[in-house]
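Below: the structure, in structure tokens.
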Amino acid sequence: MRDLLGQKLIISIQPDPTGGASSGPFEIEGPLVGPNGTPINTIADVIGIVLKFLIPFAGILLFVFMVWGGFTFLTSQGEPEKIATGKKRITYAIFGFVLLVFAFLLVSLVTRILGIGIGIF
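With the first letter of the sequence shown counted as 1, position 25 gets the number 22 in the numbering used here; the numbers rise by one all the way through.
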């Protein structure tokens, strides 16, 4: 289980039944390497790399929704429908932020308990 991704990945490309050109196997010589040069050997390494990009992206998305809700609220000109829409967007953005923080803390807690050490940040 420790060497889940292995040292060599071979993907066999089958010929096209409609008469297209065929080619031999496609090989990736290992070990696979992450963005900072560390080898990727386990699924925990893959999850760590994905979360390093996913959590900041979610934070940016939450900021955009907060600004969008604030803009809708400020430009409502007293219309109750637009005021309610702006408040909902701001509320959902705050709820999403709290959910994101709890998800981050849960992942950090589980990795510390299990000793996986995926190192999100």
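Using N, Cα and C, we set each Cβ at its ideal position, and we do this for glycine too.
The three-state secondary structure of P77, taken from DSSP, is helix.
Bounds of the alpha helix (DSSP H) holding I46 are 40 to 71. Separation of Y89 and V43 (C-alpha to C-alpha, rounded to the nearest whole angstrom) is 30 Å. In this structure, M63 lies near I87, with their beta-carbon atoms less than 8 Å apart. Put simply, the segment 43 to 55 does not touch the segment 69 to 80. Fewer than three CB pairs are less than 8 Å apart. L102 and L58 have their C-alpha atoms spaced approximately 19 Å apart.
Distance from the CA atom of G34 to the CA atom of F60, rounded to whole angstroms, is 31 Å. Separation of P77 and V95 (C-alpha to C-alpha, rounded to the nearest whole angstrom) is 27 Å.
A direct Cα-to-Cα measurement between G45 and V98 gives close to 16 Å.
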